[in-house]
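Engineer: Each residue of the sequence shown is one higher than the one before, counting from 912 in the working numbering. Ideal placement from N, C-alpha and C gives every residue a C-beta, glycine not left out. Mind having a look at this structure? Questions to follow.
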Amino acid sequence: MREKLSKIFIVIILVLIFLNLLWLDYQTITKKDGNFPVSQKTPPSLLTADSKETSETCSESCQAAIVEKVLASLPTLVPRATTSALLPTPGTKQTSQQPKVLYIPLVTSASSVNTAWTDIVPSEFYFNLEDYPGAKEVRFEGYLLALHGSAKVWARIYDSTNARAVDYSEIETQNSGFTRIESSGMIIWRGNNKYTVQLKSLNGTEVQLKEAKLKVFF
């Protein structure tokens, strides 16, 4: 609707310019005729056919020139009324920023057949959440395997400093092939605490772990 009104407004302006130029042309011709001495004016009845034809030809030429100038200005005016720099670009989508992740390697490979939680040696490490300003969440990730897939096996992070299993760090599987498993966001206690990785088997089935790491999300 706004574009139609703009076009109508431009057409009205062009028509007014055209009429104004015709009026100025008429006033100029009339003024020139009024400057002649009275004795030199030729009565209308005495005008020859040639003089009338010349006057009409001149008038048509002037009108044609005016129309040509008006039409020449149209290509520059119409695009300005129809273009808009605020229109959105088709096909563009706004995507949310992906979180930054920092990986901290813990264990390359380890195994156990114990039915109680057993420390992996060596797997001790120190971790202080305050050393990672802006960290929003920490998770435990690793590839876990239950040999022959005969029973369930587990892995977790243990807080040796505070003698507690780290809440929500436990991962488990019963698959006979290595499966990448990621824990929920862990609850890390404050301070520079000592941690270790532990394994456990349900009934003595060998549990294997590889590429265990911490994932720090920012």
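By DSSP's criteria, T1107 is part of a beta bridge. Which residues make up the other side?
Structural biologist: Taking the first residue of the sequence shown as 1, we reach residue 1107 at position 196. According to DSSP, which records beta bridges pairwise, T1107 is partnered with Y1069.
Engineer: Starting from the C-beta of I1099, find all residues in its chain whose C-beta is less than 8 Å away, skip the five residues before and the five after it, and write them out in chain order.
Structural biologist: In the sequence shown, residue 1099 corresponds to position 188, counting from 1. Cβ neighbours of I1099 beyond the five flanking positions: F1038, L1040, V1049, V1077.
Engineer: Can you grab the Cα-Cα spacing for the pair A1062 / T1116, in whole Å?
Structural biologist: For the purposes of this step, residue 1062 is taken as residue 151 along the sequence shown, with counting starting at 1. For the purposes of this step, residue 1116 is taken as residue 205 along the sequence shown, with counting starting at 1. Cα-Cα distance, rounded: 6 Å.
Engineer: Please confirm if the stretch 1008–1017 is in contact with the stretch 1087–1104, defined as three or more CB-CB distances below 8 Å between the two stretches.
Structural biologist: Output reads no: the stretch 1087–1104 does not touch the stretch 1008–1017.
Engineer: Thinking C-beta only, is I1092 closer than 7 Å to I1082?
Structural biologist: For the purposes of this step, residue 1082 is identified with residue 171 of the sequence shown, where counting begins at 1. For the purposes of this step, residue 1092 is identified with residue 181 of the sequence shown, where counting begins at 1. A contact, by the Cβ cut-off of 7 Å.
Engineer: For the stretch 1050–1061 against the stretch 1027–1034, do three or more pairs of beta-carbon atoms, one drawn from each stretch, fall closer than 8 Å, so that the two count as touching?
Structural biologist: no
Engineer: Exposed or buried, what is A1123 when buried is set at 16 or more other beta-carbons lying within 10 Å of its beta-carbon?
Structural biologist: Sequence index remark: in the sequence shown, residue 1123 carries index 212 (1-based). With 16 or more Cβ atoms within 10 Å of its Cβ, A1123 is classed as buried.
Engineer: Is G1060 helix, strand or coil when you go by DSSP?
Structural biologist: Position 149 of the sequence shown, counted from the start, is the residue given in the question as residue 1060. Helix at G1060.
Engineer: Hey, out of I921, L933, Q1085, whose CA is closest to S1112's CA?
Structural biologist: What you label residue 1112 is simply residue 201 of the sequence shown in a count that begins at 1. Of the listed residues, the one whose Cα sits closest to S1112 is Q1085.
Engineer: Nearest CA to the CA of Y1079: which residue from A1066, I977, K1105?
Structural biologist: Residue 1079 sits at position 168 when you count from the first residue of the sequence shown. Selected option, being the one with the closest Cα: A1066.
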